[in-house]
Amino acid sequence: MSIDAIVLGESRGPFRGAPLKPGDFVEARQRLEAKPQATGEKLTTLSDAIRRVNDRDHIAIGGCLFSRTPLALLMEILRQGRQGLTLSRNLMCYEGEWFMAAGAVEAVLTSWFGIGLPWGVSRILREKVERGEVRFEEWSHLGLGLRYRAAAMGVPFLPTLTMLGSDLMAVTQAKTMQCPYTGKTLCLVPALFPDVALLHVHRADRFGNCQIDGYPHMDPDIARAATTVLVTAEKIISEEEIRRHPGRTVVPGFVVDAVVEAPYGAFPHECYGLYEADFEHFDKYVAGIKARGIQGIRDYLDCYVYSPQSHQEYLALFGEDRLARMAGYARELVGK
């Protein structure tokens, strides 16, 4: 039975963009299948890695909210002036606001946009969407994750019960079908094939094999769904160390295109077991927005993104004592 025969309903939301076509999935899967699965050395610099990102690319961001956000890579994209981007992430933190303030993003797909409950949802997102300057597409957390999972599996959609009965069915490209086994209504979420995946991991070797401590979030699926995968790692380790603990390698090197050693590459967000998020810094960031609106973000970018000439200069803005204090908090939480 064809999918057209079993679909019962289709969304008609104003922010869904161009309707998906069967050829979109075929072309995306063929692009992934044609990707060279090279096993050579992938170690490079931030600037060289981001040269693989093009204007108008769809970028999937790994981690979750303020956990393992690949901030070093995102900052380099802004420095290199990419435009017309689409950003997707399971829970978008304030990095999405950076791209809006820089005029670099056209569309955002996520299930949440903001630092967290104490700071509220993003007022900048609201302003940009209400003015029609940015297209916003909201999915449930599970719905978006299953979109990445479908792409990683190479299938055009996956069925789920999430979002049924919610307003999200009216503003996304989700469809419904009658389950051939139970007769119940299911929600179908279409595969999401990013052009680029950005990940930050605990360890990687020079061939791009990546290890993550703690919850991997959606990173393994994002890495398999994207055409280009760029990674920063807290530490580059030997391939012998990778082989000693194969179960920790959640992203295989053959899907990775470039890997960069970047200690504190997610800071001031957290990296489980290594350093905690700097909530005082979040407070300062939000205070700037409350006082000056979007100009507060532009001032922040001038200080923390555009002025530093290297990742080391960026970290120097926080100081060794602050970094060490956040690392100490992380060790306390994991009992080290």
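In terms of the working numbering, the sequence shown opens at residue 359 and continues consecutively.
Virtual Cβ for every residue (Gly too), placed ideally from N, Cα, C.
Only a predicted model underlies this, so the values are computations on that prediction, with no experimental measurement involved.
query: Contiguous alpha helix (DSSP H) assignments of at least 4 residues, all confined to the region 446-504; result: 453-459 and 481-488
query: Three-state secondary structure (DSSP) of Gly-375; result: A caution first: Gly-375 carries a pLDDT of 42, below 50, which makes its placement in the model unreliable, though a value can still be read off. Gly-375 falls in the coil class under three-state DSSP.
query: Every unbroken alpha helix (DSSP H) within the region 538-593, with a cutoff of 4 residues, ordered by chain; result: 577-583
query: Length of the line joining the Cα atoms of Val-608 and Gly-566; result: 11 Å
query: Tyr-633, DSSP secondary structure in three states; result: strand
query: Nearest neighbour of Val-476, chosen from Pro-538, Arg-689, Asp-415 and Asp-641 [CA to CA]; result: Looking at the sequence itself, residue 476 is Pro, so the reference to Val does not match. Residue Asp-641 is the option with its Cα nearest to Pro-476.
query: For Lys-694, the three-state DSSP class (helix, strand or coil); result: coil
query: Beta-carbon proximity of Val-589 to Leu-556, cut-off 9 Å; result: yes
query: Counted within 10 angstroms of its Cβ, other Cβ atoms place Arg-426 as buried (16 or more) or exposed; result: buried
query: Buried or exposed (CB count within 10 angstroms, at least 16 for buried), Gly-686; result: exposed
query: Pick from Ser-469, Trp-470 and Lys-486 that is closest to Gly-461, judged by C-alpha positions; result: Lys-486
query: Residues of its chain near Ser-498, where Cβ-Cβ distance is below 7 Å and the 5 sequence neighbours each way are ignored; result: Ser-469, Thr-520, Met-521 and Leu-526
query: Alpha-carbon to alpha-carbon, Leu-401 and Glu-597; result: 13 Å
query: Selection from Val-492, Phe-676, Arg-650 and Arg-505 that minimises the alpha carbon distance to Pro-552; result: Arg-505
query: Residues of its chain near Ala-616, where Cβ-Cβ distance is below 6 Å and the 5 sequence neighbours each way are ignored; result: Lys-400, Thr-402, Ala-407 and Leu-588
query: Beta-carbon proximity list for Arg-437, same chain, < 7 Å, skipping 5 on both sides; result: Val-663 and Tyr-664
query: Residues near Thr-444 by beta carbon distance below 6 Å, same chain, minus five either side; result: His-416 and Ala-465
query: Secondary structure of Leu-441, DSSP reduced to three states; result: Contrary to the premise, residue 441 reads as Gln rather than Leu in this sequence. Coil.
query: DSSP state of Ile-600 mapped onto helix, strand, coil; result: helix
query: C-beta contact flag for Asp-636 and Pro-626 at 9 Å; result: yes
query: Extent of the continuous alpha helix (DSSP H) to which Ile-417 belongs; result: That residue, Ile-417, is in no alpha helix (DSSP H); its beta strand (DSSP E) goes 416-419.
query: Pairwise C-alpha distance: Leu-632 and Arg-683; result: 11 Å
query: Beta strand (DSSP E) runs contained entirely in the region 606-689, provided each spans 3 or more residues; result: 607-609 and 616-619
query: Continuous beta strand (DSSP E) stretch holding Leu-516: start and end; result: 515-518
query: Beta-carbon contacts of Ile-419 that lie in its chain and below 6 Å, excluding the five residues immediately before and after; result: Arg-447 and Leu-556
query: Proximity below 9 Å, CB of Leu-431 to CB of Met-458; result: no
query: Nearest candidate by alpha-carbon position, reference His-603, set Cys-629, Ile-570, Arg-409 and Ile-655; result: Ile-570
query: For Cys-537, the nearest candidate out of Val-554, Ala-549, Leu-550 and Leu-516 (CA to CA); result: Leu-516
query: Those residues which DSSP pairs with Gln-531 across a bridge; result: Gln-531 is not bridged to any residue.
query: Distance between Thr-586 and Phe-676 (C-alpha atoms, nearest Å); result: 31 Å
query: Span of the alpha helix (DSSP H), counted from its first residue to its last, around Ala-407; result: 404-408
query: When Gln-441, Ala-396, Trp-456 and Glu-678 are compared against Asp-657, the one with the closest alpha-carbon; result: Trp-456
query: In DSSP terms, what Leu-432 is bridged to; result: The partner list for Leu-432 (beta bridge, DSSP) is empty, contrary to what the question assumes.
query: Nonlocal neighbours in the same chain, by C-beta distance under 7 Å from Val-613, ignoring five residues either side; result: Ala-581, Arg-582 and Val-587
query: Nonlocal neighbours in the same chain, by C-beta distance under 7 Å from Val-479, ignoring five residues either side; result: Phe-471 and Gly-472
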